[in-house]
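These notes concern the structure reproduced below.
2 protein chains.
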Amino acid sequence: MEQKSIVSMAVVRRLPRYLRHLDELHKIGADKISSTALAARMELTASQVRQDLNCFGCFGQQGYGYNVEFLRQSLADILGLSGPRSAIIIGMGNLGHTLCNNFSFSRCGFSLGAAFDANPAVIGSVVAKIRVLDIKDLDKYCSAHKPDIAVLTLPAAPAPAIAHRLVQNGIKGIWNFTNTDLNETRALVENINFADSLMTLCYRIKTSNL
Amino acid sequence: MEQKSIVSMAVVRRLPRYLRHLDELHKIGADKISSTALAARMELTASQVRQDLNCFGCFGQQGYGYNVEFLRQSLADILGLSGPRSAIIIGMGNLGHTLCNNFSFSRCGFSLGAAFDANPAVIGSVVAKIRVLDIKDLDKYCSAHKPDIAVLTLPAAPAPAIAHRLVQNGIKGIWNFTNTDLNETRALVENINFADSLMTLCYRIKTSNL
Numbered sequence: 076m077e078q079k080s081i082v083s084m085a086v087v088r089r090l091p092r093y094l095r096h097l098d099e100l101h102k103i104g105a106d107k108i109s110s111t112a113l114a115a116r117m118e119l120t121a122s123q124v125r126q127d128l129n130c131f132g133c134f135g136q137q138g139y140g141y142n143v144e145f146l147r148q149s150l151a152d153i154l155g156l157s158g159p160r161s162a163i164i165i166g167m168g169n170l171g172h173t174l175c176n177n178f179s180f181s182r183c184g185f186s187l188g189a190a191f192d193a194n195p196a197v198i199g200s201v202v203a204k205i206r207v208l209d210i211k212d213l214d215k216y217c218s219a220h221k222p223d224i225a226v227l228t229l230p231a232a233p234a235p236a237i238a239h240r241l242v243q244n245g246i247k248g249i250w251n252f253t254n255t256d257l258n259e260t261r262a263l264v265e266n267i268n269f270a271d272s273l274m275t276l277c278y279r280i281k282t283s284n285l
Numbered sequence: 076m077e078q079k080s081i082v083s084m085a086v087v088r089r090l091p092r093y094l095r096h097l098d099e100l101h102k103i104g105a106d107k108i109s110s111t112a113l114a115a116r117m118e119l120t121a122s123q124v125r126q127d128l129n130c131f132g133c134f135g136q137q138g139y140g141y142n143v144e145f146l147r148q149s150l151a152d153i154l155g156l157s158g159p160r161s162a163i164i165i166g167m168g169n170l171g172h173t174l175c176n177n178f179s180f181s182r183c184g185f186s187l188g189a190a191f192d193a194n195p196a197v198i199g200s201v202v203a204k205i206r207v208l209d210i211k212d213l214d215k216y217c218s219a220h221k222p223d224i225a226v227l228t229l230p231a232a233p234a235p236a237i238a239h240r241l242v243q244n245g246i247k248g249i250w251n252f253t254n255t256d257l258n259e260t261r262a263l264v265e266n267i268n269f270a271d272s273l274m275t276l277c278y279r280i281k282t283s284n285l
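Chains A and B, in that order, give the protein sequences.
Here the first sequence stands for residues 76 to 285, where the numbers follow my numbering.
Here the second sequence stands for residues 76 to 285, where the numbers follow my numbering.
So this is what it looks like as structure tokens:
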């Protein structure tokens with residue numbers, strides 16, 4: 076697949092959205108779509124759609140548009156979703172349970188291998204077929220199974236130290252729900268920050284005319 | 076407070092992060108901080124910090140830096156966190172429960188008034204002092220209590236229709252966890268999209284040299 080050497084993160088972050096819309100189009104039986112129609116669905120401009128997708132190869136044909144199934148498969152490949160890479164969860168409170176029970180890691184390119192917690196009340200339990208292990212055994216597990224990423228759903232206070240330990244254990248990526256910035260330069264960190272998001276909504280409402 | 080008329084969303088989205096770091100500085104008893112030191116904590120440049128904060132007023136003093144407590148209070152005011160505005164949750168599955176039980180809405184400028192679900196098994200229950208009401212009573216509740224925002228933690232399929240109904244009921248903002256794009260132009264939508272985020276991490280790992 077031809078790909079521009081440097082693709083901006085803004086474009087990369089739109090790829091999963093393109094894929095979502097193509098999945099929906101596929102579900103309703105659409106086999107092709109124009110850049111104009113795809114742009115309208117996604118509230119982008121047709122030119123932006125073409126520019127975004129051109130970063131990764133030639134998918135469209137003038138006068139025809141995009142083949143939905145081909146573009147969908149191509150974007151999944153570009154994102155690396157057929158991996159699968161392996162993930163572990165650190166922190167089996169409510170959010171850890173919710174992710175284990177309800178979130179499809181496999182659809183996002185990962186298989187979930189284990190969960191860890193420090194609380195004796197949850198250690199040893201099994202949540203959605205995932206065994207909860209003692210955080211004390213983290214190093215041993217990492218050395219045996221070499222997970223690619225860790226999902227951090229533990230409290231903010233211990234998060235930086237755990238992140239550091241994970242990186243020392245070869246973790247390449249951290250999906251960080253802890254509402255704290257992790258200054259780990261040796262791993263890729265993707266943050267989901269509930270409070271930052273809701274505060275932003277608060278600001279937008281305050282400054283809007285609604 | 077003097078404020079530039081148009082502040083870019085990229086700057087707005089950094090405000091909660093500034094506030095978080097100032098909260099931490101306050102906790103450890105720091106009373107002032109230079110733009111250079113604040114920038115280092117946040118992995119920004121000193122010039123970016125000064126530019127960002129200058130969008131909202133004059134907070135720093137050359138040779139002194141920023142007064143932590145004053146800047147912290149000012150950013151909280153700018154974000155509108157002392158509101159409080161009112162919120163409701165739609166969808167009391169695992170994620171709805173997790174947010175009710177573990178997330179501090181008040182710290183983000185909101186008070187949570189009620190939760191709604193269609194499942195008779197949860198309707199009538201009380202989660203973290205929040206009563207779960209029947210989704211059938213949504214219009215009646217909105218007309219009596221006029222909530223400002225709705226948190227959508229329901230499945231993707233019914234989300235667009237519910238969002239539309241909420242907007243017709245005067246909802247100004249939607250905090251959207253449903254992994255679907257809501258084309259509601261009459262409300263401000265802030266998305267938290269787990270799958271998009273994890274797919275982005277997948278891409279970044281695939282294309283990195285880690």
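Note that beta-carbon positions come from the ideal geometry of N, C-alpha and C, so glycine has one too.
Reduced DSSP category for residue i - H, G, I as helix; E, B as strand; rest coil
{"i": "residue 211 of chain A", "result": "helix"}
{"i": "residue 123 of chain A", "result": "helix"}
{"i": "residue 108 of chain A", "result": "strand"}
{"i": "residue 154 of chain A", "result": "helix"}
{"i": "residue 76 of chain B", "result": "Note that residue 76 of chain B scores 49 on pLDDT, short of 50, meaning its location in the model is unreliable; the coordinates nonetheless yield the value given after this. Three-state result, residue 76 of chain B: coil."}
{"i": "residue 204 of chain B", "result": "coil"}
{"i": "residue 148 of chain A", "result": "helix"}
{"i": "residue 243 of chain A", "result": "helix"}
{"i": "residue 161 of chain B", "result": "strand"}
{"i": "residue 139 of chain A", "result": "coil"}
{"i": "residue 264 of chain B", "result": "strand"}
{"i": "residue 237 of chain B", "result": "helix"}
{"i": "residue 251 of chain A", "result": "strand"}
{"i": "residue 82 of chain A", "result": "coil"}
{"i": "residue 102 of chain B", "result": "helix"}
N- and C-terminal bounds of the beta strand (DSSP E) containing residue i
{"i": "residue 187 of chain B", "result": "185-192"}
{"i": "residue 225 of chain A", "result": "224-227"}
Closest by C-alpha distance to residue i, when choosing among the options
{"i": "residue 140 of chain B", "options": "B:113, B:163, B:155", "result": "B:113"}
{"i": "residue 206 of chain A", "options": "A:272, A:117, A:190, A:238", "result": "A:190"}
{"i": "residue 87 of chain B", "options": "B:235, B:130, B:218", "result": "B:130"}
{"i": "residue 194 of chain B", "options": "B:146, B:102, B:211", "result": "B:211"}
{"i": "residue 169 of chain B", "options": "B:197, B:157, B:156, B:144", "result": "B:197"}
{"i": "residue 231 of chain B", "options": "B:246, B:250, B:254", "result": "B:254"}
{"i": "residue 281 of chain B", "options": "A:277, A:283, A:278, A:248", "result": "A:248"}
{"i": "residue 82 of chain B", "options": "B:94, B:132, B:117", "result": "B:132"}
{"i": "residue 90 of chain B", "options": "B:115, B:156, B:111", "result": "B:156"}
{"i": "residue 229 of chain B", "options": "B:221, B:265, B:222, B:252", "result": "B:252"}
{"i": "residue 142 of chain B", "options": "B:123, B:245, B:108, B:119", "result": "B:108"}
{"i": "residue 257 of chain A", "options": "B:115, B:106, B:101", "result": "B:115"}
{"i": "residue 144 of chain A", "options": "A:224, A:96, A:265", "result": "A:96"}
{"i": "residue 224 of chain A", "options": "A:265, A:209, A:208, A:199", "result": "A:265"}
{"i": "residue 287 of chain A", "options": "B:246, B:283, B:267", "result": "Residue 287 of chain A falls outside the range modelled here, since chain A spans only 76 to 285, and no answer is possible."}
{"i": "residue 259 of chain B", "options": "A:227, A:171, A:235, A:117", "result": "A:117"}
{"i": "residue 226 of chain A", "options": "A:124, A:250, A:146", "result": "A:250"}
Contact list for residue i against chain B, beta-carbon separation under 7 Å
{"i": "residue 98 of chain A", "result": "The contacting residues do not exist; residue 98 of chain A stays about 11 Å from chain B at best."}
{"i": "residue 142 of chain A", "result": "Here the premise fails: no neighbours, minimum Cβ distance about 21 Å."}
{"i": "residue 286 of chain A", "result": "Missing from the structure shown is residue 286 of chain A; chain A here goes from 76 to 285 and no further."}
N- and C-terminal bounds of the alpha helix (DSSP H) containing residue i
{"i": "residue 280 of chain B", "result": "269-282"}
{"i": "residue 171 of chain A", "result": "169-177"}
{"i": "residue 182 of chain B", "result": "No alpha helix (DSSP H) contains residue 182 of chain B, which DSSP labels as neither H nor E."}
Distance cut-off 6 Å: residue i Cβ against heavy atoms of the ligand SAM
{"i": "residue 277 of chain B", "result": "This structure does not include the ligand SAM; it has no bound ligands of any sort."}
Per-residue contacts from residue i into chain A (C-beta, under 7 Å)
{"i": "residue 210 of chain B", "result": "Chain A residues near residue 210 of chain B: none, gap ~19 Å exceeds 7 Å."}
{"i": "residue 281 of chain B", "result": "155"}
{"i": "residue 163 of chain B", "result": "Under the 7 Å cutoff, chain A gives no residues; its nearest Cβ is about 14 Å from residue 163 of chain B."}
Chain-ordered chain B contacts of residue i [CB-CB under 9 Å]
{"i": "residue 232 of chain A", "result": "Chain B residues near residue 232 of chain A: none, gap ~11 Å exceeds 9 Å."}
{"i": "residue 248 of chain A", "result": "276, 277, 279, 280, 283, 285"}
Closer than 8 Å at the beta carbon, the chain A residues around residue i
{"i": "residue 271 of chain B", "result": "88, 91, 92, 95"}
{"i": "residue 224 of chain B", "result": "276, 280"}
9 Å Cβ cut-off: residues of chain A touching residue i
{"i": "residue 258 of chain B", "result": "116, 118"}
{"i": "residue 160 of chain B", "result": "277, 280, 281"}
Neighbouring residues, chain B, relative to residue i (Cβ below 8 Å)
{"i": "residue 81 of chain A", "result": "Those do not exist, as residue 81 of chain A stays about 10 Å from chain B at its closest Cβ, beyond 8 Å."}
{"i": "residue 274 of chain A", "result": "90, 91, 94, 154, 156, 183, 184"}
{"i": "residue 263 of chain A", "result": "276, 279, 280, 283, 285"}
{"i": "residue 267 of chain A", "result": "267, 269, 272"}
Q.
Under 8 Å: do the region 165-174 of chain B and the region 225-242 of chain B share three or more Cβ pairs, one atom per stretch?
A. yes
Q.
Count Cβ pairs between the region 148-163 of chain B and the region 175-194 of chain B that sit closer than 8 Å; are there 3 or more?
A. Contact between the region 148-163 of chain B and the region 175-194 of chain B is present, because at least three Cβ pairs lie under 8 Å.
Q.
Within 8 Å, do at least three Cβ pairs link the region 214-223 of chain B to the region 143-152 of chain B?
A. no
Q. Are the region 170-182 of chain A and the region 261-275 of chain B in contact at 8 Å, needing three or more beta carbon pairs?
A. With a cut-off of 8 Å, the region 261-275 of chain B and the region 170-182 of chain A count as touching, because enough Cβ pairs lie within range.
Q) Taking three-plus beta-carbon pairs below 8 Å as touching, is the region 196-203 of chain A in contact with the region 171-180 of chain A? A) yes
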